[in-house]
Structure formats: structure tokens, C-alpha cells
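Peer 1: Sharing a structure here in C-alpha cells format.
In the working numbering, the protein residues as written are 10 to 177.
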């Protein structure tokens, strides 16, 4: 079984990940990236990003055909661009089935799955599929999310995991 660091090291960069998609899939990710560039995260989230002191690695399990991956992996890439102490690598769902499912105690691998790793490549938290706001919301919230709204919710959930790790 590969270590978290080995999995991270063989993962794709965001650019490679997006480049593996079909034209419609890459266009969807590009639309999210443009929205992030145009609007950016809310000011309180930007402050939280700036306050991160240690290094973190986002081991992302994703596939470009997945709309949740097109949204959330793009948000995570934006986080990495804004905070150089955070980087990411994307591995396939098949790789995760082999190397992460049992180790993380998951019944199934829902994507995107983000394993937040600390500077020693030890797990600090999990983000699974969609932000809490969407998981706990109604159909209107889900529709808005699928339309590219609630990007800050993904960012807030991942920042919460990182902030909890910062306190340890």
C-alpha cells in the first residue's frame, strides 16, 4: 500500500487533471475558474487563507467527468494559488479504491474526496464530494451549487479542516 506522500507524488497537477477532460468538461472547469477570478473569495475567507502558517497538501481523488470535481477541484486550485503553503495533487478514483478506502474507513469513494495532509503528509481531515452547506441544503441550494454558486462554501469547509490542524 502506497504512503500518502507516494500517492501525492504520483498525482496530477490541476493543469494536468483539467487537461485530461473532454472539451465540455474543461470548459466547465474554466467557467468556475473565471468566476473565481472575477469575484474571488469573500474578504473573511481571504483573511483566513492569509493566516495559514504551516504547509498542507491536498490529496484529491477526482475524475474530470464528475461535475462536483469540475467545481471543487477548481476551487482548491484557486486556494493553492492564493496560499503558496498549500499544494494539491489529483489521483484517480481507481487508485483511491486500492489505496485509501480501507485506510480511511470509507464504505465507498465519493468524488471529489480531499484528504488534507499536514506538512508530514499525515491526514488532518477529509472533504467529501460537496460542501456542508450543499449537503445540508435543499434542492434550491443544490441547483445554485451546480450553477457555480456557493464556491465559498467549499473553500470554507477546507479552511476549517486546515485551521483545526493549525491548532494541533
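C-beta: ideal position from N, C-alpha, C; glycine also.
Answer yes or no: does any C-beta atom of chain B fall closer than 7 Å to that of residue 57?
Peer 2: Among the chains in the structure shown there is no chain B, since it carries only a single protein chain.
Peer 1: Do residue 136 and residue 167 have their C-beta atoms within less than 7 Å of each other?
Peer 2: The count along the chain shown starts at 1 and reaches residue 136 at position 127. The count along the chain shown starts at 1 and reaches residue 167 at position 158. Going by C-beta atoms, residue 136 is nearer than 7 Å to residue 167.
Peer 1: For a quick check, are the C-beta atoms of residue 115 and residue 68 less than 7 Å apart?
Peer 2: For the purposes of this step, residue 115 is taken as the residue at position 106 of the chain shown. For the purposes of this step, residue 68 is taken as the residue at position 59 of the chain shown. No. Outside cutoff.
Peer 1: List the DSSP bridge partners of residue 98.
Peer 2: Within the chain shown, the letter at position 89 stands for residue 98. The partner list for residue 98 (beta bridge, DSSP) reads 68.
Peer 1: Taking only the alpha-carbon atoms, compute the straight-line gap between residue 102 and residue 79 and give it to the nearest angstrom.
Peer 2: Reading the chain shown from its first residue, position 93 is the one you call residue 102. Reading the chain shown from its first residue, position 70 is the one you call residue 79. Rounded to whole angstroms, residue 102 to residue 79 spans 14 Å at the Cα level.
Peer 1: Report yes if the C-beta distance between residue 118 and residue 72 is below 7 Å; otherwise report no.
Peer 2: In the chain shown, counting from the first residue as 1, residue 118 sits at position 109. In the chain shown, counting from the first residue as 1, residue 72 sits at position 63. Not closer than 7 Å, so no.
Peer 1: Locate the alpha helix (DSSP H) running through residue 20, then write down its first and last residues.
Peer 2: On the chain shown, position 11 is the one that residue 20 refers to. Segment: none, residue 20 is in no alpha helix (DSSP H) and carries neither H nor E.
Peer 1: For residue 75, which residues of its own chain have a beta-carbon under 6 Å away from its beta-carbon, when the five flanking residues on both sides are left out?
Peer 2: To locate residue 75, count along the chain shown from 1; it is residue 66. For residue 75, where only same-chain residues beyond five positions count, the Cβ hits under 6 Å are 120.
Peer 1: Beta-carbon within less than 8 Å of residue 153's beta-carbon, same chain only, minus the 5 sequence neighbours each way: which residues are those?
Peer 2: Locating residue 153 in the chain shown gives position 144, where the first residue counts as 1. Closer than 8 Å at Cβ, skipping near neighbours: 159.
Peer 1: Considering only the beta carbon of each residue, do residue 27 and residue 40 sit closer than 7 Å?
Peer 2: As a position in the chain shown, residue 27 is number 18, starting the count at 1. As a position in the chain shown, residue 40 is number 31, starting the count at 1. No, Cβ-Cβ distance for residue 27 and residue 40 is not below 7 Å.
Peer 1: At the level of alpha carbons, what is the spacing between residue 53 and residue 91?
Peer 2: The residue given as residue 53 occupies position 44 in the chain shown. The residue given as residue 91 occupies position 82 in the chain shown. So the two alpha carbons sit approximately 14 Å from each other.
Peer 1: Measuring alpha carbon to alpha carbon, tell me which residue in 157, 94, 148, 177 is nearest residue 134.
Peer 2: Counting from 1 along the chain shown, the entry for residue 134 is found at position 125. The candidate whose alpha carbon is nearest that of residue 134 is 177.
Peer 1: Please report the straight-line C-alpha distance between residue 42 and residue 87, rounded to a whole angstrom.
Peer 2: By one-based count along the chain shown, residue 42 stands at place 33. By one-based count along the chain shown, residue 87 stands at place 78. Between residue 42 and residue 87, the C-alpha separation is close to 8 Å.
Peer 1: Would you tell me roughly how many angstroms separate the C-alpha atoms of residue 21 and residue 70, rounded to the nearest one?
Peer 2: Counting from 1 along the chain shown, the entry for residue 21 is found at position 12. Counting from 1 along the chain shown, the entry for residue 70 is found at position 61. Cα-Cα distance, rounded: 10 Å.
Peer 1: Here's a check: name, in chain order, each residue in its chain whose Cβ is nearer than 7 Å to the Cβ of residue 164, leaving out the five neighbours to either side.
Peer 2: As a working mapping, residue 164 is identified with position 155 in the chain shown. So the list reads 50, 54, 84, 88, once near-sequence residues are dropped.
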